[in-house]
Amino acid sequence: MQRDAKVVVITGAGSGIGAALAKEAARSGAQLVLAGRRAEPLVAVADG
1473 MQRDAKVVVI
1483 TGAGSGIGAA
1493 LAKEAARSGA
1503 QLVLAGRRAE
1513 PLVAVADG
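Following our numbering, the numbering of the sequence shown begins with 1473 at its first residue and continues without gaps.
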């Protein structure tokens, strides 16, 4: 994944495509803003 932005905002980041996108963006060095309906899955994604 190539990125030009320094910060990536991902909605639905707690599961599925959003979680996969968050992991890939983090691997590419982006700073992330994760959003979702429940905090627990977001924390799990953020912790890697």
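Built from N, CA and C at the ideal position, the CB exists for glycine as well. What you are looking at is a predicted structure, and each value in this text was computed from that prediction instead of being measured.
Could you check whether Ala1497 and Val1517 sit closer than 8 Å to each other, using their CB atoms as the reference points? For the purposes of this step, residue 1517 is taken as residue 45 along the sequence shown, with counting starting at 1. For the purposes of this step, residue 1497 is taken as residue 25 along the sequence shown, with counting starting at 1. Against a cut-off of 8 Å, the Cβ pair of Ala1497 and Val1517 comes out as no contact.
DSSP three-state label for Ala1507, please. As a working mapping, residue 1507 is identified with position 35 in the sequence shown. Correct three-state label for Ala1507: strand.
Which same chain residues, not among the five before or five after Gly1484, have their C-beta less than 7 Å away from its C-beta? As a first step, residue 1484 must be located in the sequence shown, where it is residue number 12. Excluding sequence neighbours, Gly1484 sits near Gly1490 and Gly1508.
Expressed to the nearest angstrom, what Euclidean distance is found between the alpha-carbon atoms of Asp1519 and Pro1513? Numbered from 1 along the sequence shown, position 47 holds the residue referred to as residue 1519. Numbered from 1 along the sequence shown, position 41 holds the residue referred to as residue 1513. One C-alpha to the other measures close to 10 Å.
Cβ pair Ala1494, Leu1504 closer than 8 Å: Reading the sequence shown from its first residue, position 22 is the one you call residue 1494. Reading the sequence shown from its first residue, position 32 is the one you call residue 1504. Result yes, Cβ atoms of Ala1494 and Leu1504 sit closer than 8 Å.
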